[in-house]
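Undergrad:
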Amino acid sequence: MLRKIAIITLIMILTVSSSVCVSYAAKYSSSDLAGAKQKTQSAKSALDAAQQAQAAVQADVDALQKKINASVARLTNLNNKIAETQLKMEELSEKLFDLEEQLSTQQSDLNTWLRQMYLTGNTNMVDVLLTSENFMDLISNMDMVKRIYDFDMQIMREIQEKQDEIEKNKEELKETSASLAEQKESVEQEKQTLTADQKVLEAELTKAGKSTKAAKDAYNKAMATQSSIASSIARQSVSSGSGSSGGGSSPSYSSNPGEALTSADFQKILAEANKHLGKRYVYGASGPNTFDCSGFVSYVYSHALGIGLSRSAQGMAGSVNKIRGSERQPGDLVFFTGTSSHAYISHVGIYVGGGRMIHASSTGRGVVYDDLDDSYYASKLYCYGRV
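Residue 354 in the numbering used here sits at position 328 of the sequence shown, with consecutive numbering throughout.
What follows is the structure in structure tokens.
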């Protein structure tokens, strides 16, 4: 009796569970998915706007940093010129001191000579005339006195001229030094202003970074919701046997799939994907050392562009815009069906152009490039999808 009750209870639980599962699968409709896609697109637009705003502030910060670097370079140059000017002034001061010493010595020698003449009584030309023994002696004495006097005076004049020149150079250097000091003060004020502006911009950049992060989080959340709805609808489709998302039915192509990846964004995708060439395939693995097909695609898009994708090939197919082979562009996804026992989309890769894709293939092959013209992949190809 108790066994019968237990069996009946188990049947009731299974019935309720089955009912819940069907209810969950039937929770969403195509209109829900369309609304989720619209929210995802709005979130993507907000993310693009936030990234552009952040990039604009970053450009302003970079430009300001260049101006600050230029100011620092000018300050360094001015300090070097000021130091050179100071050194020249010190050298001129030493020369002036030497000339003053020479002038003092020369003046002392002249005074000694005049004093000697005074002591001997030869204080003027009359004395020279009276003490001369003859006319020739007179001429000789007069010439000697004149030459000695002229020589001393010439030396003193030359020393004085050098002194005047050095004093003039010193004054010019003082003016140069004063001008350099004024320029230095002006550049330092300019640098202070630029540094203050830089702090303001860095605060704006931090704020813009937070806005970008919030927008990215909102986008990833919207993308996850979209993928969840798509997966739920896919499960409903499989459980009902309609096969609307794969398993042999024709894809529902988008009339407005949106723009393909830019060349710059595709290069980011390609660079990230190439980092993992040769890594092992493990079912259910999401990287970074091992991957399955959807784990690889999701990882690459997330790390290259910050875009969150569903963790299953079926979910990805339901969340992207399906396109024909004639519309495919590098960076689009490529979906396959019938590569496993599943009745729905079972494999996904990244189209890289030239009729090739990169994907986490299978156990024993791992992450590789393959030709889509290969008979195996050509027979399993379902559609392409644009993120």
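Each residue gets a CB set at the ideal place from its N, CA and C atoms; glycine is no exception. Fair warning: this is a prediction, and the values are worked out from it, not measured in the lab.
For residue 279, count neighbouring C-beta atoms within 10 Å of its own C-beta (all shown protein chains included) and say buried if the count is 16 or more, exposed if not.
TA: Its Cβ having fewer than 16 others within 10 Å, residue 279 is exposed.
Undergrad: Provide the residue span of the beta strand (DSSP E) that contains residue 359, from first to last.
TA: Unbroken beta strand (DSSP E) run through residue 359: 359–363.
Undergrad: If you count every other CB in all the chains shown that lies within 10 Å of the CB of residue 309, and 16 or more means buried, which is it?
TA: So residue 309 counts as exposed.
Undergrad: Following the continuous alpha helix (DSSP H) through residue 406, name the residue where it begins and the one where it ends.
TA: It spans 401–406 - the alpha helix (DSSP H) in which residue 406 sits, taken as one unbroken run.
Undergrad: Please work out which residues of its chain come closer than 7 Å, Cβ to Cβ, to residue 299, disregarding the five sequence neighbours upstream and downstream, and give them in chain order.
TA: Cβ neighbours of residue 299 beyond the five flanking positions: 326, 376, 384.
Undergrad: For residue 283, count neighbouring C-beta atoms within 10 Å of its own C-beta (all shown protein chains included) and say buried if the count is 16 or more, exposed if not.
TA: Answer is buried; the Cβ neighbour count reaches 16.
Undergrad: Cα-Cα, which of 215, 88, 89, 409 is closest to residue 343?
TA: Nearest of 215, 88, 89, 409 to residue 343, Cα basis: 409.
Undergrad: Could you pull the start and end residues of the beta strand (DSSP E) that residue 393 belongs to?
TA: Counting along the chain, the beta strand (DSSP E) containing residue 393 begins and ends at 393–397.
Undergrad: Which residues does DSSP list as the beta-bridge partners of residue 374?
TA: Note: residue 374 sits in a beta bridge opposite 361.
Undergrad: Taking the C-alpha atoms as reference points, what is the distance between residue 188 and residue 121?
TA: If you take the alpha carbons of residue 188 and residue 121, they lie about 9 Å apart.
Undergrad: Would residue 393 pass as a contact of residue 305 if the rule is Cβ separation under 7 Å?
TA: The answer is yes: Cβ separation under 7 Å.
Undergrad: On the CB-based measure, 16 or more other CB atoms within 10 Å of its CB, does residue 314 come out buried or exposed?
TA: Residue 314 comes out exposed.
Undergrad: Could you tell me the boundaries of the alpha helix (DSSP H) in which residue 300 lies?
TA: From DSSP, the alpha helix (DSSP H) with residue 300 extends over 289–300.
Undergrad: Hey, is the region 92–107 in contact with the region 209–229, meaning 3+ C-beta pairs nearer than 8 Å?
TA: At 8 Å Cβ cutoff, the stretches touch.
Undergrad: Quick one: Cα of residue 361 to Cα of residue 222, how far?
TA: Roughly 54 Å between the two C-alpha positions.
Undergrad: Work out the CA separation of residue 395 and residue 401 for me, nearest whole Å.
TA: Cα to Cα, the separation comes out at about 15 Å.
Undergrad: Could you compute how far the alpha carbon of residue 334 sits from the alpha carbon of residue 206?
TA: Each residue's Cα considered, the two are about 58 Å apart.
Undergrad: What does the alpha-carbon distance come out to for the pair residue 80 and residue 339?
TA: Taking the straight line from one Cα to the other gives about 33 Å.
Undergrad: What residue range is occupied by the uninterrupted alpha helix (DSSP H) comprising residue 343?
TA: Its alpha helix (DSSP H) spans residues 339–345.
Undergrad: Going by other Cβ atoms of all chains shown within 10 Å of its Cβ, with 16 needed for buried, is residue 92 buried or exposed?
TA: That one is exposed.
Undergrad: Measuring CA to CA, which of 219, 65, 364 is closest to residue 98?
TA: Of 219, 65, 364, the residue nearest in Cα terms is 219.
Undergrad: Name the one or two DSSP bridge partners that residue 412 has.
TA: Answer by DSSP bridge pairing, in chain order: 347.
Undergrad: Helix, strand or coil for residue 272, going by three-state DSSP, please let me know.
TA: Since pLDDT at residue 272 reaches only 40, below the 50 mark, its modelled position is unreliable, and the value read off the structure follows with that caveat. Coil, per DSSP.
Undergrad: Cβ of residue 113 versus every heavy atom of the ligand NAD: is any distance shorter than 6 Å?
TA: The ligand NAD is absent from the structure shown, which contains no ligand whatsoever.
Undergrad: Compare the Cα-Cα distances from residue 389 to each of 214, 190, 366 and report the closest residue.
TA: Ranking the options by Cα distance to residue 389, first place goes to 366.
Undergrad: Which residue's Cα is closest to the Cα of residue 198: 321, 123, 114, 85?
TA: Checked all of 321, 123, 114, 85; the closest Cα to residue 198 is 114.
Undergrad: Look at the alpha carbon of residue 131 and the alpha carbon of residue 215, and state the distance between them as a whole number of angstroms.
TA: Using only the alpha carbons, I get a separation of about 51 Å.
Undergrad: Have a look at 196, 203, 239 and flag the residue whose alpha-carbon is nearest the alpha-carbon of residue 70.
TA: Checked all of 196, 203, 239; the closest Cα to residue 70 is 239.
Undergrad: Taking the C-alpha atoms as reference points, what is the distance between residue 321 and residue 336?
TA: Looking at the two C-alpha atoms, the distance is approximately 9 Å.
Undergrad: May I have the straight-line CA-CA distance separating residue 74 from residue 331, to the nearest angstrom?
TA: Distance between the alpha carbons of residue 74 and residue 331 is about 11 Å.
Undergrad: When DSSP labels each residue in this structure, what does residue 307 get in the three-state scheme?
TA: Strand.
Undergrad: Assuming residue 307 contacts residue 229 under a Cβ cut-off of 8 Å, what Cβ separation, rounded to an integer in Å, is found between them?
TA: In fact, because the Cβ distance is near 47 Å, the residues do not count as touching under 8 Å.
Undergrad: Expressed to the nearest angstrom, what Euclidean distance is found between the alpha-carbon atoms of residue 227 and residue 201?
TA: Going by the C-alpha atoms only, they are around 39 Å apart.
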